[in-house]
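Protein chains in written order, with the working numbering: chain A, 1 to 272; chain B, 273 to 561.
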């Protein structure tokens, strides 16, 4: 039940942000943010290799994952906002740099401690069966924060999505909206890491919105469809795992959402 | 009384000087047409006027206040960009698109007032999109989308509307409709308009005064007084594209890219001035000076 609450919360946040992600063509930003978590963890593993007292203190790894992901997200956001680099290029740069740093940290830890550092598999593939009550509560809080922010700033966010330059000339604080959206995506990606891992977290932020845009051209309806697809996907993954424990929850969720995307695509084709 | 005053404006991008010594003023309720060859700094000037760029030197004042300060105080300048870069896949209707023009004026966490909603409905009526108000933006034609974006630019009731190359790719009939629409909106909303374009004929028919920009201001007066030799100098390679037929001296520069400021040719084409006078929007005496 706790896990389902966490999945549902993350799915809800992802579904709402997904429409922004698809519109702004930020599909790979969550991939970049997720992998930046590996870079953060790499720093923690190097510290653990240097200071034996820190070994097995998982909270240190978690803090560094959050710091790494948030720092990378902000850097990507600032670089793209200032037009020094396109969002695409900044994602690519931070993704490879942080992954390389993470692997170096892992190797240093293995050389020193002769074992795999804790959390390596979790970052890449997720570990939903290890979700605690406190983690679920964090997911709920972040989902609420995402919902409240998007609802409260909907007119500014829509103006930003229509065209950032036009929004700026209309007096919208575009920098604030840009960075706020990046932070919301970073927080959602970070909590999504334990559910599906950094390799698949992009799917949660792309598939619901992409499917919804295929099925409806009206924003309220697109939002409802996006939420429905995310929640159905989350529930399907959970049920599949409950029915056959060999099926991992995260990949099952992603495949369920992909199946719904295919149905949406076929429905659109038929409707034409 | 001037709404906009520009003094000794300069702007450089890294080491490249784009604009220098620009002096310009626009009276309240007037339409200023800005013309100039490609690469002359017209769009840079627009971005400086909008407060999106910081001048290297000089000042731009809107109602006596620095334009960037005015913007930070909530003063909004209506703007229609050169290219309609908006994402048509966004699932919103025309009315919602126009309402986004109010996002900055309304302020964070506040809803659009009933009065503003009523004004947006009036604008939709004025631009002739009443029947399409609830149509999705992806269904609009280029001209309809442009009109919707003009309404969007006016939603916050700006005193100044800046139109950057709004008639590129529009046929002659569309241009005439555009001129009529801007004149109508100007009269009904008491707008001051800055209109940047390559289309000399349309600029002349719409503008009370024109300013020729090519790094600096070469001319700033009513269209009818613009010297033909200056026009030829600025548009040597572009004149053929604005409707002058026959007898036009061809630019003889083998390296001509059509965008550069060419050397003045003596006895240049006198037709250029006639083109400017082709369709005056109103009698000269009725134009604000």
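C-beta atoms are modelled at their ideal positions from N, C-alpha and C, and glycine is treated no differently.
The C-alpha of residue 184 of chain A is placed about 9 Å away from the C-alpha of residue 150 of chain A.
At a cut-off of 8 Å between C-beta atoms, residue 141 of chain A does not count as an interface residue with respect to chain B. The Cβ of residue 408 of chain B sits closer than 8 Å to at least one Cβ of chain A. Within the stretch 207 to 228 of chain A, the residues whose Cβ lies closer than 7 Å to any Cβ of chain B are, in chain order, 213, 216, 217, 218, 219, 222.
Put simply, the stretch 101 to 117 of chain A touches the stretch 42 to 49 of chain A. At least three CB pairs are less than 8 Å apart.
At least one CB of chain B lies nearer than 8 Å to the CB of residue 169 of chain A. Residue 192 of chain A and residue 76 of chain A have their C-alpha atoms some 19 Å from each other. Using a Cβ-Cβ cut-off of 8 Å, residue 373 of chain B counts as an interface residue toward chain A, since at least one Cβ of chain A sits closer than that to its own. Nearest CB-CB separation between residue 378 of chain B and chain A: below the 8 Å threshold. By the rule that beta-carbons nearer than 8 Å mark a contact, residue 124 of chain A does not touch chain B.
Between residue 32 of chain A and residue 85 of chain A, the beta carbon gap of about 12 Å keeps them out of contact (Cβ cut-off 8 Å). Note on residue 83 of chain A: under 16 other CB atoms within 10 angstroms of its CB, so exposed under the neighbour-count rule.
Taken in chain order, the complete alpha helix (DSSP H) segments of 4 or more residues contained in the stretch 26 to 98 of chain A are 29 to 50, 58 to 81. Of the residues A:166, A:147, A:55, A:146, the one whose Cα lies closest to the Cα of residue 372 of chain B is A:166. Closer than 8 Å to the CB of residue 236 of chain A there is not a single CB belonging to chain B. Annotated as proximal: residue 432 of chain B and residue 275 of chain B, with beta-carbon spacing under 8 Å. Two segments are said to touch when three or more pairs of C-beta atoms, one from each, lie closer than 8 Å; by this definition the stretch 332 to 347 of chain B does not touch the stretch 110 to 125 of chain A. In this structure, residue 440 of chain B sits away from residue 350 of chain B, with a CB-CB distance that is not shorter than 8 Å.
Of all residues in the stretch 136 to 167 of chain A, only 152, 153, 155, 156, 158, 159, 161, 162, 163, 165, 166, 167 come within less than 8 Å of chain B when Cβ atoms are compared, listed by chain position. Within chain B, the residues placing a beta-carbon under 8 Å from that of residue 23 of chain A are 359, 361, 362, ordered along the chain. For residue 256 of chain A, the secondary structure class from DSSP, reduced to helix, strand or coil, is helix. The shortest C-alpha to C-alpha distance from residue 324 of chain B to any of A:7, A:199, A:242, A:169 is the one to A:169. Separation of residue 411 of chain B and residue 280 of chain B (C-alpha to C-alpha, rounded to the nearest whole angstrom) is 45 Å.
Put simply, the CB of residue 414 of chain B is far from chain A, with every gap to its CB atoms at 8 Å or more. Scanning B:401, B:426, B:383 for the CA closest to the CA of residue 416 of chain B turns up B:401.
Sequence-distant partners of residue 312 of chain B (beyond 5 residues in either direction) whose C-beta falls short of 6 Å from its own C-beta, in its chain, are 485, 486. In the assembly as shown, residue 480 of chain B is a buried residue. Its beta-carbon has 16 or more other beta-carbons within 10 Å. In this structure, DSSP gives residue 328 of chain B a state outside helix and strand, which the three-state scheme calls coil. The C-beta of residue 348 of chain B comes closer than 8 Å to at least one C-beta of chain A. For the stretch 306 to 330 of chain B, residues whose beta-carbon sits nearer than 9 Å to a beta-carbon of chain A comprise 322, 323, 324.
In the displayed model, residue 264 of chain A falls within a helix according to three-state DSSP. For residue 444 of chain B, the enclosing alpha helix (DSSP H) stretches over residues 444 to 461.
The DSSP-derived three-state label of residue 143 of chain A is helix.
Relative to the Cα of residue 29 of chain A, the nearest Cα in the group A:236, A:14, A:4, A:87 belongs to A:87. Shortest Cα-Cα distance from residue 17 of chain A to any of A:178, A:270, A:251 involves A:178. Excluding the 5 residues flanking it on each side, residue 66 of chain A has same chain C-beta neighbours closer than 6 Å at 190, in chain order.
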